[in-house]
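This report concerns only the one structure given below.
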Amino acid sequence: DISEMFDFDDDGDDDDGDDDAPFGDVGECSLVGDSYYKKTACGSDLWPGSDSGDDDDDDDDDDVCFSGDDTVTLESGLSTRLAELNVGDRILTANKAGVLRYSDVVFLPHETNNKPATFVEMTTSNGNKLRATKSHLIVTCSGVTAYAGSLTTGQCIRTATGDDLIETLATVRSTGIYTAVTKNDFLVVGGIVASPFAWNHDMVSAYYNLHRLAYDFLPSFLHSHALLKANALLGSLATGVFVALAGKNVV
């Protein structure tokens, strides 16, 4: 029983008392390949070269997120696919201190889609499983985040039931790219603790603080198609700035 192994904080609010915890650091990450670091965040389905909600046969290296078939745990104890998640659902998450709690879904950056993508499929020795694109961030046992594409078999990662070892890694093709923004820092997807985002967790999460605020005061705005379009523009600009500052060559 998860609740017996971890302390839960059910208030749904961010816990800012653990800012010195190592989560969000990408110290273990390393560049893998040379062509897929095209986006700063998993938090937008609407980047240059992709269409909202439509099937798209363009280069799927442009997309970073989880598979729509990945599952999260609702507060009821039931599991649901990311593709079926709704704003307002309360799902299992983790904060920077590693404490699990159920937290509100405040924004779904991806509209319904069948976007083809290449995922890293990982399973652990205790049966946890998720699919994420290569630059998506997974929380390791040392507390830092690492790109899914940089992980190796036998590596220790955080899960809902404690530290666990990666048993298998495979590259798979699937359709549908999804993530969710909650009031908490990290998601628990397929039992594995992961950032909702790619490349740089803290920077992108800071941007989505605007959406967390809107959820409390202007919830109807979060369902706006215009907001998704604005996400596309801001995401594109932020990516260009981050790449320039980081000195990376994006191809």
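Mapped onto this note's numbering, the consecutive letters of the sequence shown carry residue numbers 3 to 253. Quick reminder that beta carbons are idealized off the backbone N, C-alpha and C, glycines included.
Inter-stretch contact (C-beta, 8 angstroms, three-pair minimum) for the segment 122–131 and the segment 81–99: no
Spatial distance of L220 from T184 (CA atoms): 15 angstroms
Bridge-paired residues (DSSP) for V122: A134 and T173
CA-to-CA distance, V107 to D91, given in whole angstroms: 5 angstroms
Sub-8 angstroms separation of A172 and A150 beta-carbons: no
Distance between beta carbons of K117 and I179, contact taken as under 8 angstroms: 5 angstroms
Test item: CB-CB of V195 and V141 under 8 angstroms: yes
Assigned secondary structure, V28 (DSSP; H/G/I helix, E/B strand, else coil): Note that V28 has pLDDT 39, beneath the 50 cutoff, so the model's placement of it is unreliable and no number is given.
Rounded C-alpha distance that separates V174 from D72: 13 angstroms
Neighbourhood of L87 by C-beta, 8 angstroms cutoff - its chain only, sequence neighbours within 5 removed: V74, I93, V107, L110, Y180 and A182
Rounded C-alpha distance that separates T120 from A216: 33 angstroms
Distance between V122 and S81 (C-alpha atoms, nearest Å): 21 angstroms
Distance between H213 and E113 (C-alpha atoms, nearest Å): 16 angstroms
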